[in-house]
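S.K.: FYI, the numbering for the sequence shown is 1 to 139, going by our numbering.
By construction, the Cβ of each residue, glycine as well, lies at the ideal position given by its N, Cα and C atoms.
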Amino acid sequence: KSKRRVFLHCIVSESRIWLLDGNRSFNCKAISWLKMKSIKIRQLECNRVTYDIAVTISEFGSYIQSLTTQDILIDDKSTAKMIKGCPNLRILNLSGCEKISDASIVKISENCFELNSLNLAGCHNITDLSIIRIVEACP
1 KSKRRVFLHC
11 IVSESRIWLL
21 DGNRSFNCKA
31 ISWLKMKSIK
41 IRQLECNRVT
51 YDIAVTISEF
61 GSYIQSLTTQ
71 DILIDDKSTA
81 KMIKGCPNLR
91 ILNLSGCEKI
101 SDASIVKISE
111 NCFELNSLNL
121 AGCHNITDLS
131 IIRIVEACP
């Protein structure tokens with residue numbers, strides 16, 4: 001028998017891995033637990049994203065369609081890792097990610113062909129040139 005696919009709207013934050021689960025901390029081990037249980041996440045909201053957590057998020061791959069990380073800690077390296085592993089993103093919210101730059105936008109334009117919505121509010125290192133690139137790359 002094949003495993004039944006379970007799709008979950010997963011809300012993660014600094015102190016919980018999903019709504020109503022206030023006792024579980026959000027870290028690589030916690031999100032890896034979801035993967036081990038064959039839980040496929042379509043929508044993910046997360047804070048305090050380190051590079052290790054970005055790697056773990058990218059391992060969910062094609063299942064994630066919506067990703068929100070309004071995090072001042074996330075940088076271009078973490079963004080690139082998450083984006084490369086999530087090619088079917090339709091919604092990407094990086095508002096408040098002050099450390100990302102045009103390099104992140106280039107990675108988004110090279111990997112996210114299904115993107116419908118991109119929020120970059122508060123990303124002050126993004127220039128007009130990268131915005132033009134993403135517009136040209138996305139349908």
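Skipping 5 residues on each side, what residues in its chain have a beta carbon closer than 7 Å to that of residue 49?
M.R.: Cβ neighbours of residue 49 beyond the five flanking positions: 69, 71, 73, 74 and 78.
S.K.: Please name the residue in 115, 106 and 88 whose C-alpha comes closest to that of residue 59.
M.R.: Minimum Cα distance to residue 59 is reached at 88.
S.K.: What does DSSP give as the partner residue(s) for residue 56 in the beta ladder?
M.R.: BP columns for residue 56 are empty, so no partner.
S.K.: Please check the pair residue 66 and residue 42, which I expect to be a contact at CB under 8 Å, by giving their CB distance rounded to whole angstroms.
M.R.: Correct: roughly 7 Å between the Cβ atoms.
S.K.: For residue 99, collect the residues of the same chain with a Cβ closer than 8 Å to its Cβ; drop the 5 residues on either side in sequence, then sort them by chain order.
M.R.: Excluding residues within five positions, the ones whose Cβ falls inside 8 Å are 72, 73, 74, 75, 76 and 125.
S.K.: Can residue 111 and residue 91 be called in contact, C-beta distance under 8 Å?
M.R.: Contact: no.
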